[in-house]
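Just add 18 to the spot in the first sequence (first one is 1) and you have my numbering.
Report on the structure given below.
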Amino acid sequence: MSDDKKLPTRAENFSDWYNELVLRSELADYSPVRGCMVIRPHGYGVWERMQRALDDMFKATGHVNAYFPLFIPESFLSKEAEHVEGFAPECAVVTHGGGKLLEERLVVRPTSETIIYSMFAKWVQSYRDLPLLYNQWANVVRWEMRTRLFLRTMEFLWQEGHTAHVTHDEAEHETRKMLGVYRTFMESYMAMPVITGLKTDAEKFAGALRTYSCEAMMQDNKALQAGTSHNLGQKFAKAFDLKFQTEQGTEAFAWNTSWGVSTRMVGGLVMTHGDDAGLRLTPKLTPIQIVIVPIYKTDDERAATIEAAKRIADELGSFTRPDHERIRVHVDERIGIKPGAKYYHWELRGIPLRLEIGPRDLAAASGMLVRRDTREKRPIAWDVLRAELPIVLQQIQDDMLAAARARMEAHTIRERISYDRFKEIMAGDGAFVYAGWNGDPAVEARVKEETKATIRCIPDAEFRSAVAPTTCMVTGEPAKFEVLWARSY
RNA sequence: CGGGGCGUAGCUUAGCCCGGUAGAGCGCCUGCUUCGGGAGCAGGAGGUCGCAGGUUCAAAUCCUGUCGCCCCGACCA
């Protein structure tokens, strides 16, 4: 069946499209264990690019990497009341080791606040020891009922930043700063615009004073919480006795923050940019930026075009160049596969650029350059590749962000609408709806119950509407906040 | 954990009602011809029909149990 070659379309069934695409583009595969996934080289290559960029940003903002253990004594989790209530139901617990029943059961970390702050407590005596600005790259386990590749798996990879400060304001500043780092990363690397803001109490992290998040719009108009940053206040410090002597000689508890992004972002990248032909990866995150496809009829032509392709690849991708001057090139020299089939192969995998080199091009020392995002084709001389490719790649990066931003704006509603209209929207195509809220958690719960939509965040100033809503969309009472409503992943 | 569905080759599946030699498409391997948008022909490899019992001369097919997976709900980066 030739239909086997086509993906389901986004319009037909967005969910099927996503699942099929992740499998067929070889980002990931299902594992023998329910709810877990194998991240294949193409998907891991994207994650590695994400890690590298973020890690540089963390270092540039003064953080250091460390590693804390996978196993946490069960009693640690219970020390912070809200935290244990939030996480206990989804913990994997080790009861046996070496064939014996353990004296104290060990939780496989669902997140590492408890173990990290217990260690911080050991290391901090004076205000001079603060701040502590730590990050770790790790895997965590949460026993989810319903899983989806990248978006929600029982084990996932992430980074978790954990810091300790002398004052509340310093911790708050850190929380906001890292949210800003995430936003910058998502926009400039993933070309995924986000709305940042404060979570309501119902949606905040278990154990946090305040949670901020980055919310991105997927192509089905649902929101994806792509990253969170928490001001933990002194809750964990008090639970783990993380205190220090102040400049004045008094004793005080430290103020903590934690912040994280995960492999979920790979799913976000797919659902932000993918089309019915496959993935569209951004130039900054794709493992391969340009694929060269040689075209030939005879053996002589094959030898000549492949030779030219390899020479170009060596020139553009040489390891002797510094990273920022190196272009990630791949030559598709597979034999017995026609050029057309190779085009589909690389389009499915989202490679931003393709260079076709055939017998006709050899004499002219040129090739046909094709963009994955726009499908635009143009001839290009070999000798200008080095100068022009970085410009084209940056253009693609910029165009993808602009396109994603335009799409988000086209599905954003800021004018005042009735709650009935809101229900219709959420039952239909969905949207990001900015509206007034009276601040009552009961209203929030009722809307979730009736429409499955939730308050994604109380948006930061730069995302708020020019004219603030004055009344609550649901009750008509005076609005305390302007909030962003959407259905979410 | 409640409701629904499904387990047959690497993948998608036909066959099951009405028991009687396990079939197809895709993919894979070999060869020849092809090669500027998913190639054609010829040959070939690959299956204890999820597992365990039972009924029967005979079970993919009927019965019982069991395990696993998928979808819909409650929980979630």
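Idealized CB from N, CA, C, for every residue including glycine.
- Secondary-structure assignment with DSSP links S506 through a beta bridge to A241.
- Apart from sequence neighbours up to five positions away, the residues of its chain that approach E103 with a beta-carbon distance below 8 Å are A224, ordered along the chain.
- For the region 376-412, the full-length alpha helix (DSSP H) segments reaching 4 residues or more read 377-382 along the chain.
- Under the three-pair Cβ rule at 8 Å, the region 185-199 does not count as touching the region 163-171.
- For G104, the enclosing alpha helix (DSSP H) has its first and last residue at 99-105.
- C-alpha of I324 to C-alpha of I375: approximately 9 Å in a straight line.
- Contact annotation, R127 with V158: C-beta distance approximately 5 Å; criterion of less than 8 Å satisfied.
- Ranked by Cα distance from R346, the options P377, V311, I306, T338 are led by I306.
- Following the DSSP letters along the chain, one finds M283 inside the alpha helix (DSSP H) bounded by residues 282-291.
- In terms of CA proximity to T229, G245 leads the group M236, Q237, G245.
- For Y230, the enclosing beta strand (DSSP E) covers residues 228-235.
- In the three-state reduction of the DSSP assignment, I324 falls in the helix class.
- At the C-beta level, M204 and A241 stay beyond 8 Å of one another.
- Residue burial annotation: E365 is buried, with at least 16 other C-beta atoms found within 10 angstroms of its C-beta.
- Straight-line spacing of the CA atoms in R298 and E394 works out to 14 Å.
- Residue pairing by DSSP places G454 opposite E500 in a beta bridge.
- Going by DSSP, R28 is part of no alpha helix (DSSP H) at all; its letter is neither H nor E.
- Your pair T275 and L250 checks out as a contact, with CB atoms roughly 6 Å apart and the cut at 8 Å.
- Around S384, the same chain offers P397, I398, A399, W400 as residues with beta carbons nearer than 7 Å, after the five sequence neighbours per side are excluded.
- Distances from the CA of F481 to each of Y135, V402, I213, F174 were compared; the closest alpha carbon is that of I213.
- When T129, H429, R389, A405 are compared, the shortest CA-CA separation from M418 is found for R389.
- Collapsing the DSSP output to three states places Y437 in a helix.
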